[in-house]
Amino acid sequence: MIKTFVCARVWLLFTLICGLVVAPASAWSADSSAQEQAQRQNTQPGNNAPVWREVRKGENPYQTTQVRGVETNILMQSAGETWRRLRNGPLTLYGGLLLIAIPLLIYGFFRWKGPLRLHGKPSGRLIERFSDWERLVHWSTAISFLILAVSGVIMLFGKYVLLPLLGHDFFSWLAFFGKNLHNFVGPLFVFCTIVMFVTFVRDNLWRMIDFQWLTKAGGLLSGEHVPSGRFNAGEKAWFWFGVILLGLISGASGLVMDFANFEQTRFVMQSANVVHVISAVLFIAMSLGHIYIGTVGADGAYEAMRLGVVDEMWAKEHHELWCEEVKAGTAKQHFTDAVPAEVKTQVAGAFKA
Amino acid sequence: MARMKFLLDAERCIECNGCVTACKSEHEIPWGVNRRRVVTLNDGVPGEKSISVACMHCSDAPCVAVCPVDCIYTTTEGVVLHDKDMCIGCGYCSYACPFGAPQFPQQGLFGVRGKMDKCTFCAGGPEVDNSEEEYKKYGRNRLAEGKLPACAEMCSTKALLGGDGDVISDVFRNRALARGKGSEVLGWATAYGKPDAKPEGADGKAAAKAGSKS
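Chains as they are written, first to last, in my numbering: chain A, 1 to 353; chain B, 1001 to 1214.
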């Protein structure tokens, strides 16, 4: 029973995908629909369902209008209702639940394990971990991401959460501001994502040592020390599945809706919206983990991206292999002493516990 | 309180686009915006039918449901109106609407959407009735003047009816019964079919005769 259900769903998905591929090429046939209507009149006189089904499809080339524009000859589109049910239903509900559950889980983890402290004593010798360019790329992407995430969340959930608190006038002003910001920052974010890929891809390639990190879950739960290269498997997962995969899916689907001047149909934009909401919510959920471990979750992590330098001891405890490569001189990064005094105090200050 | 409705008698529509023109003229609608349009089914094929369509002022309106700022509302007369001051131009109403009613006057490059515009059933907007501001944003408020929508009033064959749902459905019912044609004289003769189907037309004619007597 369940098996047939699953089979039916897979089959449905398959036909849907095939339909999407074949649909534009499928020739509308006057004979078949007229025949269907004639047959229906024999069995159910006055039942015009075949006619209206065809009208809803809107494929009949003899369905016309004087009004110019995209899809103006379509009398009715049915997909809008499906999109409405999806957006106002599961997308909002489960998306909202996920974005409540993840911060709660992270908070629970924080209360349980606390932040990752430095075990040894900071040596005072600094390694340049991120170059100026890498930090520029990171923060451009990060700030545009935050703008998009906040304005996007306002657009999807604001009606249920903020609107009752702020009232219609102020909320609509906020959403108007957010929507325009979203539409202008979106393309910038896509650009940043591509630059991010080029900048960081080399150190995010799979290494055999990452397997060890994955099997031990990075020692996050056990507290065990797991060596890793410049980036550990967790950071690589965020890079590939978050920044690159979800970033590009969100970006591409977002551009479809952002630039509405390419005569794309409503169905294309509805589909893009569904893809956009799913990928963006997952992206935000993943980013919360990244933001946690990059700020309060690990001492010295925020300073690494803020200032670009880390203490030798931090490098040894978090990225042992990389630390050794730096010492051996095989890594691109190197020890540095040419930093202002206040940077040194800030790096050292990160480890006061 | 009356429940306002549009009703189009497809047996009468001659695709003159008078309703479209009346609407544009009444509200001084800018280029590129069409609150109403006429769609012809099977154009040039025997049995072609034309249908004038605009916002149908749905009871459970999808645009209202998806609007992220809740700027679309239904009046006590069942007319769906919106507040252009609140509209953020996201276009979701146009994704959801089955009839293609929401329009977006393009304001900038790359299809940046302006404030949504749509048929108001000639009932203006949230501003003071017949104020200058209301006219500029939404067009004339004919309902407040005691008149019906311009498109329906202008219709030369009275195919397009607009007004109190009870009244216009009576008009249409009497019409259909008198001529014995249209919406196959008030509904499906057989919703779920009969195993032993009779030759076509038998039920329809009987219904028409019974109707014209009453």
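Every residue gets a Cβ at the ideal spot worked out from N, C-alpha and C, and that includes glycine. In this text the structure is predicted, and so the values were computed from the model without any measurement.
Next on the checklist: Residues in the same chain with beta-carbon distance under 6 angstroms from Gln37(A), minus the five sequence neighbours each way, listed in chain order, please.
Outcome noted: Only residues of its own chain outside the window of five on either side were considered, and among them Pro50 and Val51 have a CB closer than 6 angstroms to the CB of Gln37(A), listed in chain order.
Next on the checklist: Can you pull the chain A neighbours of Gly1091(B), defined as C-beta to C-beta under 7 angstroms?
Outcome noted: The answer, in chain order, is Ala260.
Item to check | Chain-ordered residues of the segment 1062-1076 of chain B with a beta carbon less than 7 angstroms from chain A | outcome: Of all residues in the segment 1062-1076 of chain B, those with a C-beta nearer than 7 angstroms to a C-beta of chain A are Pro1062, Ala1065, Val1066, Pro1068, Val1069, Asp1070 and Cys1071, reading in chain order.
Checklist entry - Since Lys1005(B) is in the alpha helix (DSSP H), which residue starts that stretch and which ends it? => result First-last for Lys1005(B): Met1004 to Leu1008, but that is the beta strand (DSSP E), not the alpha helix (DSSP H).
Checklist entry - Does the Cβ-Cβ distance between Gln270(A) and Ala79(A) come in under 8 angstroms? => result Yes.
Item to check | Residues of its chain near Ala1022(B), where Cβ-Cβ distance is below 6 angstroms and the 5 sequence neighbours each way are ignored | outcome: Ala1150, Cys1151 and Met1154.
Next on the checklist: Taking the beta strand (DSSP E) that Val310(A) belongs to, which residues open and close that run?
Outcome noted: Note, Val310(A): beta strand (DSSP E), Val309 to Asp311.
Checklist entry - Who does Leu126(A) pair with in a DSSP beta bridge? => result For Leu126(A), which the question treats as bridged, DSSP gives the partners Asp311(A) and Thr336(A).
Next on the checklist: Quick check on Asn1130(B): buried or exposed, where buried means 16 or more other Cβ atoms within 10 Å of its Cβ?
Outcome noted: Note on Asn1130(B): under 16 other CB atoms within 10 angstroms of its CB, so exposed under the neighbour-count rule.
Next on the checklist: Starting from His168(A), trace the alpha helix (DSSP H) in both directions and tell me its first and last residue.
Outcome noted: His168 to Phe200 is the span of the alpha helix (DSSP H), which, as asked, contains His168(A).
Checklist entry - Hey, how far is the Cα of Cys323(A) from the Cα of Thr330(A)? => result Near 10 angstroms, if we compare the C-alpha coordinates of Thr330(A) and Cys323(A).
Next on the checklist: Taking a contact to mean a Cβ-Cβ separation below 8 angstroms, would you say Pro1102(B) touches Cys1058(B) in this structure?
Outcome noted: Contact flag unset, no.
Checklist entry - Alpha carbon to alpha carbon, how far is Cys1119(B) from Ala272(A)? => result Taking the CA atoms as reference points, Cys1119(B) sits about 27 angstroms from Ala272(A).
Checklist entry - By how many angstroms is the C-alpha of Asp1043(B) removed from the C-alpha of Asn60(A)? => result Looking at the two C-alpha atoms, the distance is approximately 10 angstroms.
Checklist entry - Quick one: does Ile293(A) have its CB under 8 angstroms from some CB of chain B? => result Answer no: the Cβ-Cβ gap between Ile293(A) and chain B never drops below 8 angstroms.
Next on the checklist: Below 8 angstroms on the Cβ atoms is my contact criterion, and I expect Tyr302(A) with Ile106(A) to pass it. Report the Cβ-Cβ distance as a whole number of Å.
Outcome noted: Cβ-Cβ separation between Tyr302(A) and Ile106(A): approximately 16 angstroms, too far for a contact (criterion under 8 angstroms).
Checklist entry - Roughly how many angstroms separate the alpha carbons of Gly1204(B) and Glu1048(B), rounded to a whole number? => result Residue confidence for Gly1204(B) is low, a pLDDT of 47 falling below 50, so the modelled location carries little weight and cannot support an answer.
Checklist entry - What beta strand (DSSP E) runs, 3 residues minimum, are completely inside the segment 1037-1068 of chain B? => result You should have 1037-1041 and 1049-1053.
Item to check | Inter-residue Cα distance where the pair is Ser140(A) and Trp133(A) | outcome: Note on geometry: alpha-carbon atoms of Ser140(A) and Trp133(A) lie some 10 angstroms from one another.
Next on the checklist: Going by DSSP, what residue range makes up the beta strand (DSSP E) through Tyr1073(B)?
Outcome noted: According to the DSSP assignment, Tyr1073(B) belongs to the beta strand (DSSP E) that extends over Ile1072 to Thr1074.
Next on the checklist: I need the straight-line Cα distance from Cys1157(B) to Leu1008(B), nearest angstrom please.
Outcome noted: Contrary to the premise, residue 1157(B) reads as Thr rather than Cys in this sequence. Each residue's Cα considered, the two are about 11 angstroms apart.
Checklist entry - Apart from the five residues just before and just after Val190(A), which ones in its own chain have a Cβ nearer than 6 angstroms to its Cβ? => result Gly251, listed in sequence order.
Checklist entry - So Asp1085(B) is in the beta strand (DSSP E); what residue range does that whole segment cover? => result Following the DSSP letters along the chain, one finds Asp1085(B) in no beta strand (DSSP E), marked with neither H nor E.
Item to check | Inter-residue spacing [alpha-carbon to alpha-carbon] between Arg1175(B) and Ile1168(B) | outcome: C-alpha separation (whole angstroms): 10 angstroms.
Next on the checklist: Our contact map puts Pro1098(B) next to Gly1032(B) with C-beta atoms below 8 angstroms; I'd like the distance itself, whole angstroms only.
Outcome noted: Going by Cβ atoms, the distance from Pro1098(B) to Gly1032(B) rounds to 21 angstroms, so no, they are not a contact pair.
Checklist entry - Can the beta-carbon of Val1045(B) be found closer than 8 angstroms to that of Asn73(A)? => result When the beta-carbon positions are compared, Val1045(B) and Asn73(A) stay at least 8 angstroms from each other.
Next on the checklist: Helix, strand or coil for Asp1129(B)? Go by DSSP, reduced to three states.
Outcome noted: Here DSSP, grouped into helix, strand and coil, assigns Asp1129(B) to coil.
Next on the checklist: If distances are taken between C-alpha atoms only, which option among Leu174(A), Gly234(A), Gly178(A) and Phe267(A) comes closest to Gly58(A)?
Outcome noted: Nearest of Leu174(A), Gly234(A), Gly178(A) and Phe267(A) to Gly58(A), Cα basis: Phe267(A).
Checklist entry - Is the beta carbon of Leu99(A) less than 8 angstroms from the beta carbon of Ser144(A)? => result Not in contact: Leu99(A) and Ser144(A) (Cβ atoms no closer than 8 angstroms).
Checklist entry - Which of helix, strand or coil does DSSP assign to Gln1106(B)? => result Residue state for Gln1106(B) is assigned as strand, using DSSP reduced to three classes.
Checklist entry - Quick one: is Ile1029(B) near chain A, going by C-beta distance under 8 angstroms? => result Output row for Ile1029(B): interface = no.
Checklist entry - Out of curiosity, what's the CA-to-CA distance linking Trp112(A) and Leu221(A)? => result Cα atoms of Trp112(A) and Leu221(A): separation of roughly 10 angstroms, rounded to the nearest angstrom.
Checklist entry - So, does the CB of Gly87(A) fall closer than 8 angstroms to a CB anywhere in chain B? => result A quick correction: the sequence has Arg, not Gly, at residue 87(A). With 8 angstroms as the cut-off, Arg87(A) counts as an interface residue toward chain B.
Item to check | Within chain A, partners of Ile1051(B) - CB distance below 7 angstroms | outcome: Residues of chain A passing the Cβ test: Leu75.
Item to check | Closest Cα partner of Cys1019(B) within the set Glu1028(B), Pro1030(B) and Ser1052(B) | outcome: Of Glu1028(B), Pro1030(B) and Ser1052(B), the residue nearest in Cα terms is Ser1052(B).
Checklist entry - Along the chain, where does the beta strand (DSSP E) that runs through Gly1163(B) open and close? => result In the DSSP assignment, Gly1163(B) falls within the unbroken beta strand (DSSP E) covering Leu1160 to Asp1164.
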